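Numbering (the numbering used here), first residue to last: 137 to 368. Here the structure comes first, spelled out in structure tokens, and everything after it is commentary.
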């Protein structure tokens, strides 16, 4: 069961909970050209285009973790940096996560490729209503280690991703609920990945940060993807 330190102006506490739904939103950029670039980027890897945008992939909630190491099959996996919405009993919280994905399987099916990997999150959460007023100013940033060098892999302000209200409305509609309303309780919604600098590629080490320049704080996490041997 994942455990998080929750930071707010009311103080700090710790909570552990079992999600009832784990959702990966895809194709969520505000700029349609950037969304198409990501579709083309994956298309170059043999991944078929989505049936609609945005799209909501339902995952096994047991995949969620805050571990520093995850086991993966083979060497063809990589992280995807995302902001995360977490609906708890006392309201909406914001976290940081990686939709780690098996790229070799992605050409066979995006949902399958996502289901094969655990979904690491930073072990901290912020109260949504404390950052909603400056949401677009928040910045996501990820680094990988490549050829022994630490390289910037993803970076963008949240102004490039659809607003939380849009994705919550879209997800509610996708499960047969009225568009207007809150994210259902105990739902964890990953808000969609940024375009990769230099293209999507495998990497074992993934370090990620969500920076709040207004309140002067950040959520951060790093993890290693440990390949398991593929035995015929």
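Ideal Cβ positions, reconstructed from N, Cα and C, are used throughout, including at glycine. For clarity, every value in this text was computed on a predicted model and none was experimentally measured.
DSSP three-state call for residue i: helix, strand or coil?
i	result
residue 342	strand
residue 310	helix
residue 294	helix
residue 301	helix
residue 282	strand
residue 149	strand
residue 363	strand
residue 271	helix
residue 198	helix
residue 223	strand
Do residue i and the ligand PLP come close, with the Cβ less than 8 Å from some heavy atom?
i	result
residue 253	The ligand PLP is not part of this structure, which contains no ligands at all.
Bridge partners for residue i per DSSP, in chain order?
i	result
residue 257	233
residue 182	Answer is none; residue 182 lacks a bridge partner.
residue 217	234
residue 347	275, 354
residue 193	160
Rounded C-beta distance between residue i and residue j? I'm assuming under 8 Å.
i	j	result
residue 189	residue 171	6 Å
residue 274	residue 280	Their Cβ separation, rounded to whole angstroms, is 21 Å, which puts residue 274 and residue 280 out of contact at 8 Å.
Hey, out of the options, whose CA is closest to residue i's CA?
i	options	result
residue 342	318, 277, 295, 351	277
residue 213	249, 224, 183	249
residue 284	339, 332, 164, 141	339
residue 252	302, 225, 263, 235	235
residue 264	198, 154, 319, 357	319
residue 150	300, 296, 261	261
Within the same chain, show all residues whose beta-carbon is closer than 6 Å to that of residue i, passing over the 5 residues directly before and after it, in chain order.
i	result
residue 242	183, 249
residue 323	157, 223
Leaving aside the five residues before and after residue i along the sequence, list all residues of the same chain whose C-beta is less than 7 Å from its C-beta, in chain order.
i	result
residue 353	none
residue 346	219, 232, 274, 276, 354, 355
residue 350	270, 273
Sorted by chain position, which residues of the same chain lie with C-beta nearer than 8 Å to residue i's C-beta, five sequence neighbours on each side aside?
i	result
residue 152	137, 138, 139, 140
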